[in-house]
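Asks: 1 is the number of the first residue of the sequence shown in the numbering used here; add one for each residue after it.
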Amino acid sequence: MSTPTEETRGRRPDGLRGGRRTLLAASLVALASLLVYLPTLGSAFVDWDDDIYVYNNPFVRRFDATLLRHAFLGFHAANWHPVTWLSHAADVAIWGLNPAGHHLTSLLFHAANAFLVVVLVVRLAGFCAAGEAGAPARAAGAVPALPAAVCAGLLFGLHPLRVESVAWVSERKDLLCALFFLLALLAYTAYVAAGRAGRAAPALRDPRYLAALGLYALALMSKPMAVSLPAVLLLLDWLLFRRARGLRPFLAAAVEKLPFLLLGLAAGVLTLAAQRGGGAAVTLADIPAAARAIAAAKAPGVYLWRMLLPVRLVPFYPHTEGLLRLSAGTLLPAALTLGLTAHALVAARRGRCVWPATWGWYLLTLAPVLGIVQVGRQATADRYTYLPGLGPAVLAGVALS
Numbered sequence: 001m002s003t004p005t006e007e008t009r010g011r012r013p014d015g016l017r018g019g020r021r022t023l024l025a026a027s028l029v030a031l032a033s034l035l036v037y038l039p040t041l042g043s044a045f046v047d048w049d050d051d052i053y054v055y056n057n058p059f060v061r062r063f064d065a066t067l068l069r070h071a072f073l074g075f076h077a078a079n080w081h082p083v084t085w086l087s088h089a090a091d092v093a094i095w096g097l098n099p100a101g102h103h104l105t106s107l108l109f110h111a112a113n114a115f116l117v118v119v120l121v122v123r124l125a126g127f128c129a130a131g132e133a134g135a136p137a138r139a140a141g142a143v144p145a146l147p148a149a150v151c152a153g154l155l156f157g158l159h160p161l162r163v164e165s166v167a168w169v170s171e172r173k174d175l176l177c178a179l180f181f182l183l184a185l186l187a188y189t190a191y192v193a194a195g196r197a198g199r200a201a202p203a204l205r206d207p208r209y210l211a212a213l214g215l216y217a218l219a220l221m222s223k224p225m226a227v228s229l230p231a232v233l234l235l236l237d238w239l240l241f242r243r244a245r246g247l248r249p250f251l252a253a254a255v256e257k258l259p260f261l262l263l264g265l266a267a268g269v270l271t272l273a274a275q276r277g278g279g280a281a282v283t284l285a286d287i288p289a290a291a292r293a294i295a296a297a298k299a300p301g302v303y304l305w306r307m308l309l310p311v312r313l314v315p316f317y318p319h320t321e322g323l324l325r326l327s328a329g330t331l332l333p334a335a336l337t338l339g340l341t342a343h344a345l346v347a348a349r350r351g352r353c354v355w356p357a358t359w360g361w362y363l364l365t366l367a368p369v370l371g372i373v374q375v376g377r378q379a380t381a382d383r384y385t386y387l388p389g390l391g392p393a394v395l396a397g398v399a400l401s
């Protein structure tokens with residue numbers, strides 16, 4: 001019987017301790033996120049979508065064939081998100097129409113997302129620090145992964161911009177979409193790590209890749225905003241995983257994402273059909289193309305400002321005629337976005353990974369809700385920052401740590 005070598009005896013316990021520390025830290029961040037939003041348990045439903053989603057929705061009253069047909073084949077409330085409908089139906093089955101139970105479910109999902117953020121940031125920090133073939137990536141430096149992840153998790157979980165997604169029962173779709181989005185990313189990082197270790201099968205036969213694909217499908221069926229995941233994976237392949245450096249590796253990585261792209265395309269087609277059928281899609285006559293383009297250019301800078309100074313937050317930010325006038329309030333946020341994007345590209349060319357990856361995450365995940373395809377009459381919405389806000393939170397976490 002062989003005995004462990006000194007090297008083996010030293011490494012395994014350290015890895016176990018590191019994993020336990022990560023899980024403990026993630027659990028504490030999840031608990032903090034849960035406690036801060038605990039007062040929502042005393043809140044009622046609101047008559048802003050909660051009626052058509054829950055308490056006046058006959059389809060979620062019981063689990064049967066009608067529910068499944070409605071969830072997967074119907075376009076109720078001008079949306080196609082069957083997993084979200086099944087979630088509301090499960091709540092009604094457990095809690096009836098007691099709003100406290102529905103709020104509790106949302107709180108648990110949000111706490112789970114904060115937990116996953118910590119675990120994911122620690123995992124991605126390991127890739128960034130390892131670089132290619134074990135060589136340290138420049139600017140990964142000696143960033144302490146766990147403190148950075150904890151800071152990022154707390155900023156993600158506790159920021160006031162999360163209120164709309166967590167405290168509004170009808171925004172359960174945000175929480176579910178983020179949950180499966182983050183789980184898909186974790187599954188994909190496991191697939192990449194297995195490939196580096198020479199243990200990965202061809203993509204469509206590797207269980208980790210298939211798990212990421214399945215979780216992505218669930219994210220799309222929760223809210224179509226998850227459509228940005230293939231682009232996020234390519235970004236990570238390029239900057240963190242270093243699997244897409246050069247034209248041929250990039251094309252190979254892009255081909256690997258084709259199943260994700262096809263799922264996203266299918267979800268996009270269904271979503272557009274649902275929104276047009278339900279009258280939620282806004283025509284160019286209502287909001288002109290110029291107003292949409294200006295709002296889209298302005299939005300990333302506006303959301304950044306709200307993250308830095310979350311005051312005067314309201315449930316509805318309407319389009320205004322002033323958007324058609326190129327004022328300082330429009331030009332400054334757009335210039336900020338362009339400047340930061342240019343800086344991130346330069347940093348990426350110099351071998352940096354943290355800043356370009358976090359800024360790229362922010363822009364890519366925000367792209368589906370910038371308003372080029374306008375749904376509803378809002379110019380911006382706090383709930384749209386639920387997933388995109390993770391990028392700035394990670395960057396701030398790295399800086400604070």
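Even glycine gets a Cβ: it sits at the ideal position worked out from N, Cα and C.
1) Quick one: is Val-346 buried, meaning 16 or more other Cβ sit within 10 Å of its Cβ, or exposed?
2) CB-CB under 8 Å to Pro-403, same chain, minus the five flanking residues each way: which ones, in chain order?
3) According to DSSP, is Ala-393 part of a helix, a strand, or is it coil?
4) In the DSSP assignment, what residue or residues form a beta bridge with Pro-318?
5) Please report the distance separating the alpha-carbon of Ser-165 from that of Gly-157.
6) Specify the secondary structure class of Tyr-386 as computed by DSSP and reduced to three states.
7) Evaluate the contact criterion for the stretch 286-303 versus the stretch 266-276: three or more CB pairs, one atom per stretch, below 8 Å.
8) Can you find the residues in the same chain that come closer than 6 Å, C-beta to C-beta, to Ser-401, ignoring five residues on each side of it along the sequence?
9) Leu-304: which of Val-54, Leu-218 and Ala-381 sits nearest, CA to CA?
10) From Ala-334, Asp-49, Leu-204 and Pro-160, pick the residue whose C-alpha is nearest to that of Arg-312; which is it?
11) Answer with buried or exposed for Asp-47, where buried requires no fewer than 16 other C-beta atoms within 10 angstroms of its C-beta.
12) State the CB to CB distance for the pair Leu-218 and Val-83, rounded to an integer number of angstroms; the pair is presumed to be in contact (CB under 8 Å).
13) To the nearest angstrom, report how far apart Leu-108 and Phe-181 are at their CA atoms.
14) Contact check, Leu-41 vs His-88 under 8 Å by CB: the rounded distance?
15) Is DSSP giving Gly-268 helix, strand or coil here?
16) By a C-beta neighbour count over all protein chains shown, 10 Å radius and 16 as the cutoff for buried, is Thr-66 buried or exposed?
17) Can you give me the Cβ contacts of Pro-388 inside the same chain, cut-off strictly under 6 Å, excluding the 5 residues immediately before and after it?
18) Considering only the alpha carbon of each residue, which of Leu-390, Leu-240, Leu-38 and Leu-215 lies closest to Ala-193?
19) Pro-403: buried (16+ other C-beta within 10 angstroms of its C-beta) or exposed?
Replies: Considering the structure as presented:
1) In the sequence shown, counting from the first residue as 1, residue 346 sits at position 346. By the C-beta density criterion, Val-346 is exposed, having fewer than 16 other C-beta atoms within 10 angstroms.
2) The chain is shown from 1 up to 401; residue 403 falls before or after that span and cannot be answered.
3) Here residue 393 refers to the residue found at position 393 when the sequence shown is read from its first residue. Reduced to three states, the DSSP call for Ala-393 is helix.
4) For the purposes of this step, residue 318 is taken as residue 318 along the sequence shown, with counting starting at 1. Answer by DSSP bridge pairing, in chain order: Gln-378.
5) Indexing the sequence shown from 1 puts residue 165 at position 165. Indexing the sequence shown from 1 puts residue 157 at position 157. Each residue's Cα considered, the two are about 11 Å apart.
6) For the purposes of this step, residue 386 is taken as residue 386 along the sequence shown, with counting starting at 1. In this structure, Tyr-386 counts as coil in the three-state DSSP scheme.
7) The stretch 286-303, when compared against the stretch 266-276, does not touch it at the 8 Å Cβ threshold.
8) Stepping through the sequence shown from its first residue, residue 401 is reached at position 401. Closer than 6 Å at the Cβ level, and outside the excluded window around Ser-401, lie Pro-144, Pro-147, Ala-148 and Cys-151.
9) Taking the first residue of the sequence shown as position 1, residue 304 is located at position 304. Distances from the CA of Leu-304 to each of Val-54, Leu-218 and Ala-381 were compared; the closest alpha carbon is that of Ala-381.
10) The residue given as residue 312 occupies position 312 in the sequence shown. In terms of CA proximity to Arg-312, Pro-160 leads the group Ala-334, Asp-49, Leu-204 and Pro-160.
11) Here the question's residue 47 lines up with position 47 in the sequence shown. Classified as exposed, Asp-47 has fewer than 16 neighbouring CB atoms from the shown chains inside 10 Å of its CB.
12) In the sequence shown, counting from the first residue as 1, residue 218 sits at position 218. In the sequence shown, counting from the first residue as 1, residue 83 sits at position 83. Confirmed, about 6 Å.
13) Translated into the one-based positions of the sequence shown, residue 108 becomes position 108. Translated into the one-based positions of the sequence shown, residue 181 becomes position 181. In this structure, the CA atom of Leu-108 is about 16 Å from the CA atom of Phe-181.
14) Numbered from 1 along the sequence shown, position 41 holds the residue referred to as residue 41. Numbered from 1 along the sequence shown, position 88 holds the residue referred to as residue 88. 17 Å between Cβ atoms; not a contact.
15) On the sequence shown, residue 268 is found 268 positions in, with the first residue counted as 1. Residue state, collapsed to three classes: helix.
16) Within the sequence shown, the letter at position 66 stands for residue 66. Around the C-beta of Thr-66, fewer than 16 other C-beta atoms lie within 10 Å, and the residue is accordingly described as exposed.
17) In the sequence shown, the residue the question calls residue 388 occupies position 388. Within the same chain, Pro-388 has close Cβ partners Tyr-362, Thr-365 and Leu-366.
18) Here residue 193 is taken as the residue at index 193 of the sequence shown, counted from 1. The candidate whose alpha carbon is nearest that of Ala-193 is Leu-240.
19) Nothing about residue 403 can be read from this structure; the chain reaches only from 1 to 401.
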